[in-house]
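Asker:
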Amino acid sequence: MTIRNNKFIKAGLTLSAAGLMFLANDTEASASSNWAPRTVLEIEEDINEAKANSDEDETLEYTFQWGDTLWGVSQATDVSVDKLVKVNDIDNRSLIQVGNTVYLSKDSSVISVEKEEDVVSYDVSTDDVKETETPDEVKEAKKEKQAAAEKAAAEQAAAKKAEEKASTSSENTSSEQAGRWISVEATAYSRNQASLSNFTYMGIDLRENSRVIAVDPNVIPLGSKVFIPGYGEFVAGDTGGAINGTRIDIHMEDLDAAWSFGRRQMDIQILD
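If you want it as structure tokens, here you go:
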């Protein structure tokens, strides 16, 4: 956007903003230990950057920042504080409030400023600043800004939802991998008992893999990996005539250990 009247730009930006965008009182500004006034050069650089970023057919936009002061804007725009106060009927000279955006019309004659949800425009082509109708180009710029904000909010909400879904999915996967816990009555047996074979119902050779438990396949599917606290991981690879419901029989290579195990109530974890 080509700016033909720099003083109108400066005056318009300041005049429109100064009366509508400042904190309630001086103590509100000084209450923040992080607050520091911006320099005149910083304000000028931002206004010039806003100009440089505006195409010839676009409305110039400038958003006020934390630390912009009425005095600083006055110095950056060559418009006296007294004049700004008089024209805009300002009661407080402390701070311009951040976040609001001002718009400059293509012919530099009208300045528009965001006020809550609306845009208020002023004719600054003469010293007698008056409220006027908002140009169509400013209305369009405002609509585009609102649409961009809504799109960004929608994208943020979608990203958050996707993140929550992924987190839930991850938790469910982790839960599935961890498996379910059940309470069982456990006994123990050993292939070294005279009446027993070296092979399980599933054909597992206990001499090669002794970490097997007998289960009721209706409760714990054969082939499942099962974790038994204090003993480690076993495979459900055997059955037994007395092993029904939530009963299990743990194979132990040491016959004495199997005898001494006795009968116990315990919680076990089915891993898969």
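In terms of our numbering, the sequence shown opens at residue -1 and continues consecutively. All C-beta atoms in this analysis are idealised placements derived from N, C-alpha and C, irrespective of residue type, glycine included. Bear in mind that the values here come from a model prediction, so they are computed numbers and not experimental data.
1. So R209 and E231 are in contact, right, with Cβ under 8 Å, and what is the actual spacing, rounded?
2. Looking only at DSSP bridge pairs, what is R262 linked to?
3. Can you have a look at A34 and say buried or exposed, based on whether 16 or more other CB atoms are within 10 angstroms of its CB?
4. Closer than 6 Å by C-beta to T185: which residues in its own chain qualify, once you throw out the five before and the five after it? Chain order, please.
5. Are the segment 249 to 260 and the segment 185 to 200 in contact at 8 Å, needing three or more beta carbon pairs?
6. Under three-state DSSP, which class holds Q191?
7. Measure the C-alpha to C-alpha separation of E142 and W179 and round it to an integer number of angstroms.
8. Given this structure, state the Cα-to-Cα distance separating A192 from G238, to the nearest angstrom.
9. Have a look at L269 and N242 and give me their C-alpha separation to the nearest angstrom.
10. Within 10 angstroms of its Cβ, does D236 collect 16 or more other Cβ (buried), or is it exposed?
11. Please classify D254 as buried or exposed, where buried requires at least 16 neighbouring CB atoms within 10 angstroms.
12. Could you check what DSSP says for Q154 in three-state terms: helix, strand or coil?
13. Along the beta strand (DSSP E) that carries L220, what are the first and last residues, could you check?
14. Measure the Cβ-Cβ separation of V111 and V122 and say whether it is below 9 Å.
15. For Q154 and V71, I'd like the C-alpha separation in whole angstroms.
Answerer: Working from what's here:
1. 7 Å
2. A184
3. exposed
4. D247 and R261
5. yes
6. coil
7. 56 Å
8. 16 Å
9. 20 Å
10. buried
11. exposed
12. helix
13. Counting along the chain, L220 falls outside any beta strand (DSSP E), and DSSP gives it neither H nor E.
14. no
15. 34 Å
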